[in-house]
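Input: a single structure, listed below in structure tokens.
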Amino acid sequence: MKTFITLMLMSAAILAKCQTTASHQVTVNVSQVLDIRFHIGFTPNLNFNFNTANRLNNGIERIAAAALQVRSNKSWMISVKAQNQFFDKIPAGPNSMPCSIVKIRKTLAPSGYFSLSTVDQQLSTGNKGNWDVLGNYFTMDYDITPGLNYDEGTYTLPVVFTITAN
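So in the working numbering, the last spot in the sequence shown is 177, and the numbers never skip.
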């Protein structure tokens, strides 16, 4: 019996020495991802028609006028600004309508509206995650009051939304 156990131990030792292994290392590089888009399928309501004195003086407010979606692997902040200090007018004319007549907010935000300027202002913040994560989808309200100081025409203003890591 001793001989049998000795042979078994020797066989196990020989078999163990016959095994070989190979390995390699997998490297995953994850970059910072910050992605913003206007919600697909949401029709923005960004045309403001001022066709009466009351509308010009009292303004037009649009609740949930546009919707943004975010996906990111970092906490994020979205800021907003006007690309230009003044609207472009068609046809061109002497009056310059300032970007500050446009007020914006995250829909029904308790902090209220703020006037656009050419300096980034915080609109919203959120946590990492995909488009469907709570808080990574939100709508914006606009309130625009030009008053009676501007000639008739079509006025346009690019509004820029920027996402950064928070």
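For every residue, glycine included, the Cβ atom is placed at its ideal position computed from N, Cα and C.
Residues near residue i by beta carbon distance below 8 Å, same chain, minus five either side
i: Phe172; result: Ile47, Leu79, Ile89, Ser90, Val91, Leu134
i: Lys85; result: Gln43, Val44, Leu45, Lys139, Ala176, Asn177
i: Val41; result: Asn84
Secondary structure of residue i, DSSP reduced to three states
i: Ser86; result: coil
i: Ala64; result: helix
i: Ile51; result: coil
i: Ser111; result: helix
Nearest-angstrom Cβ-Cβ length linking residue i and residue j, presumed shorter than 8 Å
i: Ile155; j: Phe59; result: 5 Å
i: Asp152; j: Ala75; result: 7 Å
i: Pro169; j: Asn95; result: 7 Å
Sequence-distant residues of the same chain with beta carbon closer than 6 Å to residue i, five excluded per side
i: Asn147; result: Val81, Gly137, Gly140
i: Ser34; result: none
Where the beta strand (DSSP E) through residue i begins and ends
i: Val170; result: 170-176
i: Ser34; result: Looking at the DSSP string, Ser34 is not in any beta strand (DSSP E), and its letter there is neither H nor E.
i: Gly137; result: 132-137
i: Thr165; result: 165-167
Cβ shell of residue i (< 7 Å), same chain only, five flanking positions each side left out
i: Asn56; result: Arg73, Ala76
i: Leu145; result: none
Practice task
Evaluate contact between the region 66-77 and the region 91-105, counting only Cβ atoms and requiring at least three cross-stretch pairs below 8 Å.
Solution key: no
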